[in-house]
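> In UniProt numbering, the protein residues as written are 1 to 344.
For every residue, glycine included, the Cβ atom is placed at its ideal position computed from N, Cα and C.
#1: I'd like to confirm the pairing. Which residues does DSSP put opposite residue 177 in its beta bridges?
#2: Does the separation of the CB atoms of residue 297 and residue 202 fall below 7 Å?
#3: Please classify residue 308: does DSSP put it in a helix, a strand, or coil?
#4: Just the C-alpha distance for residue 321 and residue 309, rounded to the nearest angstrom, thanks.
#5: Just to confirm, is the Cβ distance from residue 229 to residue 78 under 7 Å?
#6: Tell me the residue span of the alpha helix (DSSP H) that contains residue 242.
#7: Could you tell me whether the Cβ atoms of residue 190 and residue 270 are closer together than 7 Å?
#8: To which residues of the same chain is residue 221 closer than 7 Å at the C-beta, ignoring the five residues directly before and after it?
#9: Within a Cβ cutoff of 6 Å, which residues of the same chain sit near residue 61, ignoring the five residues on either side of it in sequence?
#10: For a test of the three-state rule: what should DSSP assign to residue 167, helix, strand or coil?
#11: Name the residue from 155, 175 and 192 whose alpha carbon lies nearest to the alpha carbon of residue 186.
#12: Whole angstroms is fine: what's the gap from residue 290's alpha carbon to residue 195's?
#13: When you compare only the Cα positions, how much space is there between residue 219 and residue 254?
#14: In three-state terms, what does DSSP make of residue 204?
#15: Opposite residue 92 in the DSSP bridges: which residues?
#16: Is residue 182 buried or exposed, if buried means 16 or more other CB atoms sit within 10 Å of its CB?
#17: According to DSSP, simplified to helix, strand and coil, what is residue 191?
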């Protein structure tokens with residue numbers, strides 16, 4: 001028996017093909033396996049056309065099987081990396097809370113505005129209304145997580161609300177609530193529609209490797225398309241037409257992937273996220289930081305090591321540096337800084 005929703009989509013597709021395609025795409029987005037199947041079909045289609053129409057490629061495959069074999073290995077590795085990345089966790093705040101408390105995470109029952117008071121020695125003492133927490137055990141666990149998060153922020157910052165208004169967990173720096181995943185993500189970068197998951201602290205490196213492999217695959221596919229068009233073999237005109245039509249979106253994909261790869265390479269080198277770069281003025285603890293200063297950067301080599309080899313735990317969450325340190329980073333480079341590799 002047909003599902004009513006499928007009947008509606010089918011009727012809409014008959015009346016308006018473009019509207020039907022958009023609804024089918026939305027249905028695929030809602031289903032994680034539908035999205036994965038669409039991505040696999042997309043790759044198989046553009047690669048399969050080559051083997052169906054290019055007789056010269058088939059001849060070269062027989063003469064030099066390593067050439068086509070290498071292409072197919074990259075093709076399979078790209079799809080494997082896609083599934084590996086899409087099925088990975090970006091690292092959620094709730095998991096960090098469980099690790100910090102050593103037991104089931106405790107949600108605050110109502111959105112809590114955290115207040116700060118300054119002690120006589122100038123240290124920041126966060127306070128929370130105990131009546132909003134609930135049970136005694138919840139108070140103990142929430143206060144321990146609160147103390148841990150408070151140590152990650154520099155003293156002197158006021159009028160902040162660390163509690164997520166959607167899932168009611170206390171957010172450490174660099175985390176953000178994702179409305180698609182409905183969870184707070186550690187070191188939130190963005191929510192990738194094509195992968196169907198968030199990109200965060202735990203899978204940002206995997207995402208980089210995926211777009212790297214995807215870029216290599218697309219560039220090689222474009223080269224094969226262009227080689228076919230420049231081939232002197234006699235072929236029907238409609239084959240050239242199909243190749244040109246498919247080459248246009250492939251060229252746009254290559255340009256987009258190269259720019260995306262360069263951008264995320266820059267983020268990895270400077271220890272930034274897409275969200276921090278785009279929404280810097282909206283993030284409270286990043287306001288007032290001198291322009292051109294990357295607050296979480298520890299040098300190129302250490303940034304790359306943390307990006308590629310870090311493990312998500314409560315012990316490697318990054319604290320916001322004090323303003324004095326950030327202002328020192330803003331000073332101009334000197335000959336001594338160059339010799340001592342200050343940027344590294």
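Taking the coordinates as given:
#1: As a position in the chain shown, residue 177 is number 177, starting the count at 1. Paired residue(s): 184.
#2: Your numbering for residue 297 matches position 297 in the chain shown. Your numbering for residue 202 matches position 202 in the chain shown. The answer is no: Cβ separation not under 7 Å.
#3: Looking up residue 308 in the chain shown gives position 308. Note: residue 308 maps to helix in three-state DSSP.
#4: Taking the first residue of the chain shown as position 1, residue 321 is located at position 321. Taking the first residue of the chain shown as position 1, residue 309 is located at position 309. Spanning the two alpha carbons is a distance of roughly 22 Å.
#5: Within the chain shown, the letter at position 229 stands for residue 229. Within the chain shown, the letter at position 78 stands for residue 78. Not a contact, by the Cβ cut-off of 7 Å.
#6: In the chain shown, residue 242 corresponds to position 242, counting from 1. That run of the alpha helix (DSSP H) goes 237-270.
#7: Counting from one through the chain shown, the residue named residue 190 turns up at place 190. Counting from one through the chain shown, the residue named residue 270 turns up at place 270. No, the pair does not count as a contact, with Cβ atoms beyond the cut-off.
#8: Counting from 1 along the chain shown, the entry for residue 221 is found at position 221. For residue 221, where only same-chain residues beyond five positions count, the Cβ hits under 7 Å are 46, 47 and 250.
#9: For this step, residue 61 is matched to residue 61 along the chain shown. If we look at residue 61 and ignore the five residues flanking it on each side, its Cβ neighbours are 68.
#10: The residue given as residue 167 occupies position 167 in the chain shown. Three-state result, residue 167: coil.
#11: The residue given as residue 186 occupies position 186 in the chain shown. When only C-alpha atoms are compared, the closest one is 175.
#12: What you label residue 290 is simply residue 290 of the chain shown in a count that begins at 1. What you label residue 195 is simply residue 195 of the chain shown in a count that begins at 1. Looking at the two C-alpha atoms, the distance is approximately 35 Å.
#13: Taking the chain shown and counting its residues from 1, the one referred to as residue 219 is at position 219. Taking the chain shown and counting its residues from 1, the one referred to as residue 254 is at position 254. Taking the straight line from one Cα to the other gives about 6 Å.
#14: As a working mapping, residue 204 is identified with position 204 in the chain shown. The answer is helix: DSSP assigns residue 204 an H, G or I state.
#15: Here residue 92 refers to the residue found at position 92 when the chain shown is read from its first residue. Here residue 92 is bridged, per DSSP, to 185.
#16: By 1-based counting over the chain shown, the position of residue 182 is 182. So residue 182 ends up on the exposed side.
#17: As a first step, residue 191 must be located in the chain shown, where it is residue number 191. Residue 191 falls in the strand class under three-state DSSP.
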